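Worksheet for the structure shown next.
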Amino acid sequence: MSDFIKVFLNARSLKAATKELSIEQLEESFNKLKVILEERYTLKAEEDKLQQEKREKLEKYKALLEQDGIDPSELLSIIEDAPVKERKKREPLPAKYKFVDENGEDKTWTGQGRTPSPIQRAIKNEGKSKEDFLI
12 MSDFIKVFLN
22 ARSLKAATKE
32 LSIEQLEESF
42 NKLKVILEER
52 YTLKAEEDKL
62 QQEKREKLEK
72 YKALLEQDGI
82 DPSELLSIIE
92 DAPVKERKKR
102 EPLPAKYKFV
112 DENGEDKTWT
122 GQGRTPSPIQ
132 RAIKNEGKSK
142 EDFLI
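Mind the numbering: the sequence shown is residues 12 to 146 in the numbering used here, read in order.
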């Protein structure tokens, strides 16, 4: 919790923090808070209305199912048994660059992500370019 929120939510701390403000400044702050609070009430009322509409629709569909002699739990079991499509992972990219690391081992790099340190050092210190490391 930030220091501001701690002060803002504690009456004594808030009183001490606003001690040097004029009445006009306090009224201006109060009015701004009132606007924020009204916006929050409006948003909450809209969310509540949407939730209520959703509940009413669900009850309507439940009643329709029951009229047709279908138990809603049967529908749920069908949905749960439905196969879930798995996202196919992208094939890894082929290596484009080859270099020797600090341990003397040959390594490869696809060209994506951070440039490996040995290649960075060779470019900076030895004047090489990425093309010098192409496979």
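A virtual CB, placed ideally from N, CA and C, is assigned to each residue, including glycine. Just so you know, these numbers come straight off a predicted model, no measurement behind them.
Out of the options, which has the shortest C-alpha to C-alpha gap to residue i?
i	options	result
residue 119	47, 108, 74 and 125	108
residue 123	76, 106 and 75	106
What's the call for residue i, buried or exposed, on a 16-neighbour Cβ count within 10 Å?
i	result
residue 41	exposed
Compute the distance between the beta-carbons of residue i and residue j, then report whether it is under 7 angstroms.
i	j	result
residue 104	residue 126	no
Only counting the same chain, and skipping five residues up and downstream in sequence, which positions put a Cβ closer than 7 angstroms to that of residue i?
i	result
residue 73	83
residue 144	108, 109, 110 and 130
Can you list, in chain order, the residues of its chain whose CB lies under 8 angstroms from that of residue i, leaving out five sequence neighbours each side?
i	result
residue 11	The structure shown does not extend to residue 11, since the chain is modelled only from 12 to 146, so the question has no answer here.
Using a Cβ distance threshold of 8 angstroms, determine whether the region 88 to 102 contacts the region 125 to 136, with at least three qualifying pairs required.
no
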